[in-house]
Amino acid sequence: MLIGNTLKLRAAFPLLVVAFAGICPVAAMQMGSGAALTSPSSGPITVSGVVVNATNGIPISRALVRINDRAMLTDHLGRFEFTQFTPPSSAVLEVQKPGYYFGQETGSSMPLRADQMAQPVVARLYPEALITGTLTTQDGTPLPQIFVSALRRSYNDSGSQWLPVKNSMTNSHGEFRLAVPPGDYRITSTPFARLRGNSQMALPISYPSPGVSETADSLHMSSGTEQRLELHATVSPSHTVKVMLDTSPERGFPMLLARSSNGAVFPVNVTRGGGPEGMQIGLPSGTFTLLATLNRRDGVEYGEATVTVGEDNNSEVALHLAPVAPIPIQVVVDGDTTSDKTPPGPQQLGLWMENVQRAAYPTGSTFSMPVMNGNQGAVFRLTPGTYRFNARNSGSWYVKSITCGTSNLLQQDLTVSAGGAGSVPIIVTVSNQTGGLQGLVRQKGSPVSGWVYAVPSGQSAVPVYSIHSGTDGSFNLSSLPPGSYDVVAFESRHSADYRAPNALAQFNTYVRQVTITSGNKAMLDLESVPDTELHP
Numbered sequence: 006m007l008i009g010n011t012l013k014l015r016a017a018f019p020l021l022v023v024a025f026a027g028i029c030p031v032a033a034m035q036m037g038s039g040a041a042l043t044s045p046s047s048g049p050i051t052v053s054g055v056v057v058n059a060t061n062g063i064p065i066s067r068a069l070v071r072i073n074d075r076a077m078l079t080d081h082l083g084r085f086e087f088t089q090f091t092p093p094s095s096a097v098l099e100v101q102k103p104g105y106y107f108g109q110e111t112g113s114s115m116p117l118r119a120d121q122m123a124q125p126v127v128a129r130l131y132p133e134a135l136i137t138g139t140l141t142t143q144d145g146t147p148l149p150q151i152f153v154s155a156l157r158r159s160y161n162d163s164g165s166q167w168l169p170v171k172n173s174m175t176n177s178h179g180e181f182r183l184a185v186p187p188g189d190y191r192i193t194s195t196p197f198a199r200l201r202g203n204s205q206m207a208l209p210i211s212y213p214s215p216g217v218s219e220t221a222d223s224l225h226m227s228s229g230t231e232q233r234l235e236l237h238a239t240v241s242p243s244h245t246v247k248v249m250l251d252t253s254p255e256r257g258f259p260m261l262l263a264r265s266s267n268g269a270v271f272p273v274n275v276t277r278g279g280g281p282e283g284m285q286i287g288l289p290s291g292t293f294t295l296l297a298t299l300n301r302r303d304g305v306e307y308g309e310a311t312v313t314v315g316e317d318n319n320s321e322v323a324l325h326l327a328p329v330a331p332i333p334i335q336v337v338v339d340g341d342t343t344s345d346k347t348p349p350g351p352q353q354l355g356l357w358m359e360n361v362q363r364a365a366y367p368t369g370s371t372f373s374m375p376v377m378n379g380n381q382g383a384v385f386r387l388t389p390g391t392y393r394f395n396a397r398n399s400g401s402w403y404v405k406s407i408t409c410g411t412s413n414l415l416q417q418d419l420t421v422s423a424g425g426a427g428s429v430p431i432i433v434t435v436s437n438q439t440g441g442l443q444g445l446v447r448q449k450g451s452p453v454s455g456w457v458y459a460v461p462s463g464q465s466a467v468p469v470y471s472i473h474s475g476t477d478g479s480f481n482l483s484s485l486p487p488g489s490y491d492v493v494a495f496e497s498r499h500s501a502d503y504r505a506p507n508a509l510a511q512f513n514t515y516v517r518q519v520t521i522t523s524g525n526k527a528m529l530d531l532e533s534v535p536d537t538e539l540h541p
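Numbering follows my numbering, with no gaps: position 137 of the sequence shown is 142.
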């Protein structure tokens, strides 16, 4: 719970006092947008450039610049120069400076070709953002030696999950300090942390609290800003709960999650105890639902049990694990397809299911991939929950529709209940009747390399199609499903939830609309979003 906070802009050149000594964030080097490409020399060349503060353009002195095995510090004007450098076919350029990051990444490097090394390069570093605060009990007593983490949502081809960017242990006054790249964060504490010297535990906190809106569920930190939080955790006596399994310990112990009465889901620590089939966990007073998952070579077992933890320290709960019924996956070819080529299987299509309920909480992986199940072929093994269907771009084929019974899984989520599913297959209809998109990426009128993202406007199994344009700015997206798209280009790779309706709202002036038809290739030129607008 937050009862007070302050927001202030840090100086353009903050004091370089880093909480974690020795950590020097790494920044990728980028070509100046106005530079023209030149052919690489056959002999030694001079690689030169400048390191600047991305928020104000001021040169940064004494930044450590590396190119392969050579390194140097920038001068008082932020300049660097490597003379007599024999360029290989490619090289890696990096720059390090305490108190700075490259965009939203904690560490990045960028390969450069020989022709790119023959022109001046510009490295744009972003001053770190700083999250500070105190963690106390509800009455204001400091909570020392508890880990506080800054988590950031990561989106990639394998789903999304909350990843820790920075951790800090509270000191004797309950204070913490988290220096992070600019971005959107959730602040959490160690789940059910035991307090030293007594039998009490601090219940986990999450700020902002998970809700419906992903934007409202995150703390936005701009480059060079500082936010102070006053967080309060509930402290409760820790009670031992005996968990009895109806399975042999040789089959392994399951992973346990606890769901509290407010819906929050957290991992719990498990120790052996309570007999050969027993486990022991520590929980505070209250009512919890234990969610147990046991992954085995021949399948997945799952069980749930509700336990009310009292003050008598004699709580016990029995957990019954049952096999998760596999959901068959059938791939069929659309009737309009004329090719006689063999269609891809579920693995080639990159099908996966994301648990949308778990996705709101930092409980690790939230997605499930198809697995082979003997003569049954590819199946999903889904524990109870609500799932969203996704796919990756798969060459010339795309998912045209996907159904499970009467449910259209491109429009609806799939709900799996305990003991349910398994009998009704998931039908995936594929087609290779596609079109294409090609064009040119520019910045301030000059062709540049960049990342192009085509976001389907209608229902689609693939949230976004992306490609990196060439050094001449040209791009060619082939095998796009027919339909309407919002298309945008960024100077650097841009990770986002492209299914969100407002994913591109702040870049409206750069977004172009295009309609793709089967058998045709549309033409579109784009002005790329500069890095300075990505991380204000």
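C-beta atoms are modelled at their ideal positions from N, C-alpha and C, and glycine is treated no differently.
Through-space distance from residue j to residue i, alpha-carbon basis
| i | j | result |
| --- | --- | --- |
| L262 | H325 | 15 Å |
| Y490 | L414 | 20 Å |
| V270 | S290 | 16 Å |
| L299 | P259 | 4 Å |
| L82 | R301 | 60 Å |
| V31 | N395 | Bear in mind that a pLDDT of 41 at V31, under 50, signals an unreliable position, so the model cannot answer this. |
| V185 | F372 | 27 Å |
| V170 | F181 | 14 Å |
| T195 | T342 | 53 Å |
| G304 | V312 | 27 Å |
| Y160 | Q166 | 7 Å |
| S241 | Q353 | 50 Å |
| E538 | E235 | 30 Å |
| S455 | V97 | Here residue 455 is Gly; the residue named in the question, Ser, does not match the sequence. Going from the Cα of G455 to the Cα of V97 covers about 18 Å. |
| P125 | F85 | 10 Å |
| T294 | A310 | 6 Å |
| G202 | V273 | 20 Å |
| E496 | N398 | 22 Å |
| S173 | E359 | 30 Å |
| G475 | N525 | 22 Å |
| T522 | G488 | 7 Å |
| M284 | S465 | 44 Å |
| V52 | F87 | 5 Å |
| L356 | P506 | 22 Å |
| Y307 | Y403 | 33 Å |
Reduced DSSP category for residue i - H, G, I as helix; E, B as strand; rest coil
| i | result |
| --- | --- |
| R393 | strand |
| N300 | strand |
| A134 | strand |
| M374 | coil |
| R363 | helix |
| E306 | strand |
| N481 | strand |
| D536 | helix |
| A32 | Residue placement at A32 is flagged as unreliable, the pLDDT there being 47, under the threshold of 50; a coordinate-derived value is accordingly withheld. |
| F197 | coil |
| P351 | helix |
| G48 | coil |
| F107 | strand |
| F181 | strand |
| G379 | helix |
| F512 | helix |
| A4 | Lying before the first or after the last residue shown, residue 4 is absent from the chain, which here runs from 6 to 541. |
Beta-carbon proximity check, residue i vs residue j, cutoff 8 Å
| i | j | result |
| --- | --- | --- |
| G314 | L288 | Contrary to the premise, residue 314 reads as Val rather than Gly in this sequence. The answer is yes: Cβ separation under 8 Å. |
| D502 | A494 | no |
| G54 | P132 | no |
| L148 | L140 | yes |
| A123 | V100 | no |
| A198 | I136 | no |
| R264 | L224 | no |
| V472 | V453 | Before going further, note that residue 472 is Ile rather than Val in the sequence given. No. |
| I334 | V433 | yes |
| V421 | G390 | yes |
| G138 | R157 | no |
| V57 | V127 | yes |
Identity of the residues DSSP links to residue i by a beta bridge
| i | result |
| --- | --- |
| T292 | T313 |
| P333 | V384 |
| G444 | F480, L529 |
| R75 | I72 |
| Y470 | A459 |
| S165 | Y160 |
| P64 | V57 |
Q | the segment 410–424 in contact with the segment 369–381 per 3-pair CB rule at 8 Å | A | no
Q: Could you say if the segment 436–452 and the segment 528–540 meet the contact criterion of at least three C-beta pairs nearer than 8 Å?
A: yes
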